[in-house]
Every structure is written in C-alpha cells, then in structure tokens.
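Below is one structure; the comments refer to it alone.
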Amino acid sequence: MANSHIVAATLKGRDMPEPEKQLCAYCDEGEALDAFGIIIAELPASKLVLFKEQSHKGRVIVASKHHVSEIVDLSDEEREAFLNDVNHVAKALHAAFHPDKINYGAYGDDGPHLHFHLCPKYRDGFEWKTVFAMNPDRVHLDESQYQELAKAIIQHL
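Residue 893 is where the sequence shown starts when you use my numbering, and the numbers rise one by one after that.
Written out as structure tokens, the structure is:
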C-alpha cells in the first residue's frame, strides 16, 4: 500500500538467529505475511496488520516490533508501549467502524511472535456471542476495498 509506513522489525538488543527471523512472518514481512495480512501502519511499539480475511469488518493484528513469544518477555516499558498501541488501535476501530464489541486474541502456538488479533464484532453479525475463528475463509476483498479499510483505520490513529 502506497501510504504504508513499513519498517523492519526492531529487535532493540535481542539476538535472534537469522533462520528464526526468516521463519517469522512479522519479522520477515514476506510471503508468509502476505498470505494473511497487509501492513498498514507502524506504531511506536508495533506494526499494524490488516487481516485479509474480513468476516469481521476491520479485523487487524497488532504485532510487537520485538521478536518475543510472550508479553512477559518484554520490559515494563516495552509492555506498556505495546499495550498502548493495542488500545490506540481499538479506539481507531471503534471510531472507524462502530462495532458493538472488540474481541482480543493473543495466540501464537505456531508462530512465536507476540501479537494481538483485534476482532470487531457486530450485534447479530457473524460469530456474535462466540469466539471468533482464526480464519473462517469467508470474506476476501479486492485491493481497493483493502485500501478503503486501511484508510478508515489510519485516519483515526
């Protein structure tokens, strides 16, 4: 996306073996990330990724700039900055799309890089009152629609 602020992962003092970096979608920012997301912004402590599967309008991922598996692996300052980014994105999603609720998911069993899924939920909509599926593979958009969603989010950041 032309207006994206894409920046390589900053490890800030952490040693990460090159093979591990190449296997991490969030660090590598290559084909693995392209399969499910589009980086739309850089925040102080994270990258904001628009999830390509949009059964929940506005679903995004906030991925830490640090290649750590657990939130407890961040320093107090890093954790505060990361959670501030999550909060900032949640406010932007509320302003852009007016969901009834945002569900938050922090998984990573297969991908050990700290990230939160922010999944806007709409009353009487898909998966209301249930846990959201990781990838329901129902709604995919064209490039212009992804750009419209990204623009709506970014204008509220």
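The beta-carbon is built from N, C-alpha and C at its ideal position, and this holds for glycine as well.
H897 classed as buried or exposed, judged by whether at least 16 other C-beta atoms fall within 10 angstroms: Because the pLDDT at H897 is just 37, under 50, the model does not fix this residue reliably, and the value given afterwards should be weighed accordingly. The residue in question, H897, is exposed, as its Cβ has fewer than 16 Cβ neighbours within 10 Å.
C916 in three-state terms, based on DSSP: coil
Pairwise C-alpha distance: R971 and V964: 8 Å
I953 - partner residues in DSSP beta bridges: V941, H1009
Cβ contact check for the stretch 935-946 and the stretch 974-985: 3 or more pairs under 8 Å: Yes, the stretch 935-946 touches the stretch 974-985.
Residue burial classification, P1012 (beta-carbon count within 10 angstroms, cutoff 16): buried
Inside the stretch 956-1024 only - alpha helix (DSSP H) runs reaching at least 4 residues: Scanning the stretch 956-1024 for uninterrupted alpha helix (DSSP H) segments of 4 residues or longer gives 968-989, listed from N- to C-terminal end.
Boundaries of the beta strand (DSSP E) in which E934 is found, first to last residue: E934 -> beta strand (DSSP E) spans 929-934.
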